[in-house]
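Below: the structure, in structure tokens.
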Amino acid sequence: MKRYHFISAVLAAVPLSSWIKAKTAAILQTVKGFKVPSGQARFGIHYKMKGVTLNMLDIKISGKDTAGGLAVFEQTSLTYKGGPPLHIHLSQDEWFYVLEGKYRFRVGDDEYEMNPGDTIFLPKQVPHAFIQLTEKARVIVSYCPAGRMEDFFAVTSQWTSAPTKEAIAGVFAAHGMKVVGPPLMVD
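Rendered as structure tokens:
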């Protein structure tokens with residue numbers, strides 16, 4: 599009989615724990631609108647990438663604002679003919695909207711030339727990479743769910759020189775991504 603009561607209690611607690619998680623997430627989510635002015639970051643932190651690429655990223659909408667549902671960044675790309683290695687996000691969809699400059703994206707086996715005003719969707723678990731084709735470029739990039747991307751940019755902005763391939767793979771893995779190939783090259 600004790601076993602029956604134990605199993606009943608565990609089964610009753612499962613919906614309760616789901617309800618508690620949902621309520622906790624709702625409490626943690628921002629409930630008031632906000633504005634992030636042009637050229638500024640949500641919390642005043644400008645991530646300055648110094649390792650793989652020389653990019654600047656500003657949080658516009660934080661995962662903290664959305665209970666982890668979404669993160670949006672503005673990326674100013676300063677690495678002509680540079681970009682990240684071919685990689686996958688294990689549990690995040692990603693999209694880019696090009697504001698300035700030109701890029702080439704690879705998504706799975708397809709490649710796309712991207713110009714200002716173009717949008718591209720990168721589904722989770724699909725290998726992707728991009729390369730910057732102009733001296734300067736700028737995009738809005740979004741991750742859904744937010745995952746650990748804010749932490750990823752905080753860590754990689756601490757690099758002061760080009761990291762090893764092993765270091766890159768390790769940081770990607772620690773933040774829910776997997777490196778699956780080299781960066782794209784310009785023909």
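Numbering-wise, the sequence shown is residues 599 to 785 according to the working numbering.
Glycine included, each C-beta is placed from N, C-alpha and C at the ideal position.
Bear in mind the structure is a predicted one, so any value in this text is a computation, not a measurement.
*Evaluate the contact criterion for the segment 690-702 versus the segment 722-742: three or more CB pairs, one atom per stretch, below 8 Å.*
yes
*Enclosing beta strand (DSSP E) for Asp707 [first to last residue]*: Asp707 -> no beta strand (DSSP E), and no H or E assigned at all.
*Proximity of Lys646 and Ser759 at Cβ, strictly below 8 Å*: no
*Looking at Asp749 and His726, is the spacing between their C-beta atoms short of 8 Å?*
no
*Can you list, in chain order, the stretches of the alpha helix (DSSP H) that have 4 or more residues and sit fully within the segment 705-765?*
747-754
_Member of Phe632, Gly680 and Leu676 whose CA lies at the smallest distance from the CA of Ile657_ = Phe632
*Which partner residues of Lys646 appear in the DSSP bridge assignment?*
Met654
_Using a Cβ-Cβ cutoff of less than 7 Å, which residues in the same chain neighbour Arg746 once the five nearest sequence positions on both sides are dropped?_
His773 and Gly774
*Closest by CA to Leu782, which one among Leu684, Tyr710 and Leu652?*
Leu684
*Would you call Gly779 buried or exposed, if buried means 16 or more other Cβ atoms sit within 10 Å of its Cβ?*
exposed
*With a cut-off of 8 Å on the beta carbons, I'd call Ala735 and Tyr701 a contact; round off their distance for me.*
6 Å
*Residues near Pro761 in its chain [Cβ-Cβ closer than 6 Å; skip 5 each side]*: Gly649
*asked:* Is it buried or exposed, Lys621, if we count other Cβ atoms within 10 angstroms and call 16 or more buried?
replied: Caution is warranted here: a pLDDT of 47 is assigned to Lys621, below 50, making its placement in the model unreliable, and the coordinate value is therefore given only provisionally. With fewer than 16 other Cβ atoms within 10 Å, it is exposed.
*Alpha carbon to alpha carbon, what distance is there between Lys679 and Ala623?*
Here the model assigns Ala623 a pLDDT of 48, short of 50, so the residue's position is not dependable, and the following value carries that caveat. The straight-line gap from Cα to Cα measures roughly 41 Å.
*Tell me, to the nearest whole angstrom, how far the beta carbon of Ala744 is from that of Gly661; I am working on the premise that it is less than 8 Å.*
3 Å
*asked:* I need the straight-line Cα distance from Val784 to Ile729, nearest angstrom please.
replied: 8 Å
_Beta carbon of Ile686 nearer than 8 Å to that of Lys776_ = yes
*Are Thr677 and Thr651 touching if we call contact CB-CB under 8 Å?*
yes
_Whether Glu698 touches Pro714 by CB criterion (8 Å)_ = yes
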